[in-house]
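Input: a single structure, listed below in structure tokens.
Number of protein chains: 2
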Amino acid sequence: MKVTIGNPAHKGTQENVKDHFSDNHSTNHYCPVTDVIDRISDKWSVHTIIMLGKSDKLRFGELKKGIHGISQRMLTVTLKHLERDGLLTRTVYPQIPPKVEYQLTDLGRSLLGQLVSLSEWAAENMNQVLRAREDYILKNE
Amino acid sequence: MKVTIGNPAHKGTQENVKDHFSDNHSTNHYCPVTDVIDRISDKWSVHTIIMLGKSDKLRFGELKKGIHGISQRMLTVTLKHLERDGLLTRTVYPQIPPKVEYQLTDLGRSLLGQLVSLSEWAAENMNQVLRAREDYILKNE
DNA sequence: CTGGATCCGCGATGATACTG
DNA sequence: CAGTATCATCGCGGATCCAG
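Those protein sequences? They're chains A and B, same order as listed.
Mapping to the working numbering: the first sequence position 110 is 110, numbers consecutive.
Mapping to the working numbering: the second sequence position 113 is 1113, numbers consecutive.
Okay, here's the thing in structure tokens:
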């Protein structure tokens, strides 16, 4: 079987899948795939990165206002995680009232590229997914 | 909704981000990004898709054995979700003992491409992330 | 062999109140 | 403005038992 990949920049995909799979499941050692999944498994992280990808620098309040539905606490936690992982920088201006700006690092922007690619996939294929769900419901009743 | 098609790589990223951002946060309507995030936010889904991407067709037991750490229940739930969303097919062979085979659909394989790309990003950049974490720890003590 | 059904603990998350 | 601290909840996911 041959896997057809949309991104021509990567060759030998089948082997890569195998490699990553081996890394994931054959040992109990550190697994980069699991790690990155853990990072983006939190939807707030994804929304935050995409948000910063749009606007370069943003303040805490701007992020809170822009990311629909996020609580103050989760925004704080999310930003701390992303900063810890080197995906964004946190700049504090020592003034009253406080001002803090967040900005993607180069690393963060490279991940942004992946997430945009993923969101494009979502936009292109969501109709198929929705139709599959309808068929599934019809089939099981 | 307009989406820029083609190799996403890193060109034109800013504009695409803006489009998707508008879709995501400016309205309360259906959001494909949130939807796809919900799908891959579950690490078992990702592992399952990658697993199937490696081996074409797999039986329940083979998946269970291959995906390290997954429980029977979560594998069942995960497979049901993926089938419902049209990402894989479930083929039952009416025999005793039962035999069920799972296989990615074309849609599933196209998502596999995205996930492989993401895992490649993870493999290439995990060292930077790990170093950032160490620095973060050192900085905060 | 391939699940379905049930119970349940725990971590993630939201809400709220408070602070420099 | 930009958080911190605390509490309550709620759903994910593991364990277990059962069935076709």
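Where a beta carbon is used, it is the ideal one built from N, C-alpha and C, also for glycine.
Everything numeric in this text was worked out from a predicted model, so none of it was measured.
The DSSP-derived three-state label of Thr-76(A) is helix. The alpha-carbon of Glu-62(A) is positioned some 26 Å away from that of Ala-122(A). If you compare the alpha carbons of Lys-57(A), Arg-59(A), Phe-60(A) and Leu-75(A) with that of Val-46(A), the shortest gap goes to Leu-75(A).
Residue Val-1129(B) holds the alpha-carbon nearest to the alpha-carbon of Cys-31(A) among Phe-1060(B), Tyr-1136(B) and Val-1129(B). Between Ser-1119(B) and Asp-42(A), the C-beta gap is not smaller than 9 Å, which leaves the two residues out of contact. The continuous alpha helix (DSSP H) containing Thr-1048(B) extends over residues 1043–1055. For Gln-95(A), no beta strand (DSSP E) encloses it, and the DSSP letter there is neither H nor E.
Closest option to Pro-97(A), judged by alpha-carbon separation, among Phe-60(A), Glu-141(A) and Leu-115(A): Phe-60(A). Here the C-alpha atom of Gln-103(A) lies approximately 5 Å from the C-alpha atom of Thr-89(A). Ranking Met-1051(B), Lys-1057(B) and Lys-1064(B) by CA distance to the CA of Thr-1091(B) puts Lys-1057(B) first. The straight-line gap separating the alpha-carbon atoms of Leu-1052(B) and Ser-110(A) is approximately 27 Å. Counted as a single uninterrupted DSSP element, the alpha helix (DSSP H) harbouring Asp-135(A) occupies residues 106–139.
Closer than 9 Å to the CB of Arg-59(A) there is not a single CB belonging to chain B. Any Cβ of chain B closer than 9 Å to the Cβ of Ile-96(A) would place that residue at the interface, and such an atom is absent. Under DSSP, Thr-1089(B) shares a beta bridge with Gln-1103(B). Put simply, the backbone Cα of Gly-108(A) is about 12 Å away from that of Arg-84(A). Chain-ordered listing is empty here: chain A has no CB closer than 9 Å to the CB of Tyr-1102(B), the nearest sitting near 14 Å. Your pair Gln-72(A) and Lys-64(A) checks out as a contact, with CB atoms roughly 7 Å apart and the cut at 8 Å.
By the rule that beta-carbons nearer than 9 Å mark a contact, Met-126(A) touches chain B.
A residue is called buried once 16 or more other Cβ atoms fall within 10 Å of its Cβ, and Ile-67(A) is buried on that count.
Where Gly-61(A) is concerned, the enclosing alpha helix (DSSP H) starts and stops at 60–66.
Annotation: the continuous alpha helix (DSSP H) that includes Ile-1040(B) extends over 1032–1040.
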